[in-house]
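Novice: 5 is the number of the first residue of the sequence shown in this note's numbering; add one for each residue after it.
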Amino acid sequence: MAEVDKSLFKRYELPQLPYSLDALEPYISRDILDVHYNGHHKGYVTAVNKLIDRYESILKGDVTSYDIQGIVRGIVFNLNGHKLHALYWKNMAPADKNRGGPGGVLADKINKQFKSLDNFKKILLETANSLPGTGWTAVTYDSETDNLNIITIENHFMNHIAELPIVIIVDEFEHAYYLQYKNKRADYVDAWWKLINWDDAEERLRKAINRA
Ligand SMILES: [Fe+2]
Numbered sequence: 005m006a007e008v009d010k011s012l013f014k015r016y017e018l019p020q021l022p023y024s025l026d027a028l029e030p031y032i033s034r035d036i037l038d039v040h041y042n043g044h045h046k047g048y049v050t051a052v053n054k055l056i057d058r059y060e061s062i063l064k065g066d067v068t069s070y071d072i073q074g075i076v077r078g079i080v081f082n083l084n085g086h087k088l089h090a091l092y093w094k095n096m097a098p099a100d101k102n103r104g105g106p107g108g109v110l111a112d113k114i115n116k117q118f119k120s121l122d123n124f125k126k127i128l129l130e131t132a133n134s135l136p137g138t139g140w141t142a143v144t145y146d147s148e149t150d151n152l153n154i155i156t157i158e159n160h161f162m163n164h165i166a167e168l169p170i171v172i173i174v175d176e177f178e179h180a181y182y183l184q185y186k187n188k189r190a191d192y193v194d195a196w197w198k199l200i201n202w203d204d205a206e207e208r209l210r211k212a213i214n215r216a
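1) Between W197 and K119, how many whole angstroms is the CB-CB distance? I'm expecting something under 8 Å.
2) Buried or exposed: T68, going by 16 or more other Cβ atoms within 10 Å of its Cβ?
3) Can you tell me whether DSSP reads E29 as helix, strand or coil?
4) Count the other C-beta atoms from every protein chain shown that fall within 10 angstroms of the C-beta of A166, then say buried if there are 16 or more, exposed otherwise.
5) How about S147 and A216: are their beta carbons less than 8 Å apart?
6) Which class does Y92 belong to by DSSP, given the choice of helix, strand or coil?
7) Look up A190 in the DSSP assignment and say whether it is helix, strand or coil.
8) Could you give the distance in angstroms between the alpha-carbon of L199 and the alpha-carbon of N102?
9) May I ask whether a heavy atom of ligand 1 can be found less than 7 Å away from the beta carbon of F13?
10) Check whether the Cβ of A217 sits closer than 7 Å to any heavy atom of ligand 1, and report yes or no.
11) Could you check the C-alpha separation between G139 and I170 for me, to the nearest Å?
12) Examine ligand 1 and report whether any of its heavy atoms sits within less than 7 Å of the Cβ of D122.
13) Which residue from A180, K113, R58 puts its Cα closest to that of V143?
14) Can you tell me which residues form a DSSP beta bridge with I200?
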């Protein structure tokens with residue numbers, strides 16, 4: 005098979021994990037992080053790049069029989085999978101390095117809108133635990149209303165409202181917890197709360213506010 009000329013679109017790369025594979029223990033085990041990062045996330049990057057190869061071949065007329073809907077759907081799935089995982093890794097930190105709670109603008113917004121951090125945690129975790137099947141739960145910022153919104157994202161892309169930057173996110177695919185927590189997803193979500201990188205969340209919120 006002729007080598008694909010990769011001249012039209014740049015390809016994606018697996019970003020470096022911002023900590024070691026065992027850095028999130030005991031809340032997220034080394035085994036999970038290894039499979040999740042080196043298996044699943046890398047798989048999304050490989051898959052989206054292969055689909056882009058295919059897409060380029062079509063555009064150049066090298067391939068004349070294809071399922072464009074399937075290719076585009078695959079790109080959306082795998083590209084969102086890649087982007088959300090890159091965000092999820094940075095959005096967590098080892099429990100002894102994550103400051104233990106929000107500060108700055110994020111703390112002000114949480115207190116104003118949710119009355120207390122406890123209330124925010126309660127609603128965020130209830131939302132995460134209500135997600136049917138597979139997906140993500142995220143806190144987004146809407147510059148139009150100056151609100152933080154708690155949303156669920158089914159699969160890697162359904163319900164994600166365009167133009168709302170993500171401030172906090174938790175992966176709820178089974179691959180994120182099953183090796184350690186089995187079917188007790190709520191226990192994983194509870195443990196994840198202890199790993200939120202509050203500095204990263206604050207930075208994301210400030211960028212979202214400044215770009216509005
Ligand atoms: Fe994942």
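All residues carry an ideal CB built from backbone N, CA and C; glycine is no exception.
Specialist: Reading it off the structure:
1) Translated into the one-based positions of the sequence shown, residue 197 becomes position 193. Translated into the one-based positions of the sequence shown, residue 119 becomes position 115. Not a contact, Cβ separation roughly 18 Å.
2) To locate residue 68, count along the sequence shown from 1; it is residue 64. By the neighbour-count rule (16 or more Cβ atoms within 10 Å), T68 is not buried but exposed.
3) Reading the sequence shown from its first residue, position 25 is the one you call residue 29. In this structure, E29 counts as coil in the three-state DSSP scheme.
4) Here residue 166 refers to the residue found at position 162 of the sequence shown. Classification of A166: exposed, given that the 10 Å Cβ count is below 16.
5) For this step, residue 147 is matched to residue 143 along the sequence shown. For this step, residue 216 is matched to residue 212 along the sequence shown. Yes, these two residues count as a Cβ contact at 8 Å.
6) By one-based count along the sequence shown, residue 92 stands at place 88. Residue state, collapsed to three classes: helix.
7) Numbered from its first residue, the sequence shown carries residue 190 at position 186. Helix, per DSSP.
8) Within the sequence shown, the letter at position 195 stands for residue 199. Within the sequence shown, the letter at position 98 stands for residue 102. Distance between the alpha carbons of L199 and N102 is about 7 Å.
9) Walking along the sequence shown from the start, residue 13 turns up at place 9. No, Cβ of F13 sits at least 7 Å from all heavy atoms of ligand 1.
10) One cannot answer for residue 217 here, as it falls past the ends of the chain, which runs 5 to 216.
11) Taking the first residue of the sequence shown as 1, we reach residue 139 at position 135. Taking the first residue of the sequence shown as 1, we reach residue 170 at position 166. Cα-Cα distance, rounded: 15 Å.
12) Here residue 122 refers to the residue found at position 118 when the sequence shown is read from its first residue. D122 Cβ: outside cutoff for every heavy atom of ligand 1.
13) As a position in the sequence shown, residue 143 is number 139, starting the count at 1. The shortest C-alpha separation from V143 is found at K113.
14) Walking along the sequence shown from the start, residue 200 turns up at place 196. Looking at the DSSP assignment, I200 forms a beta bridge with M96.
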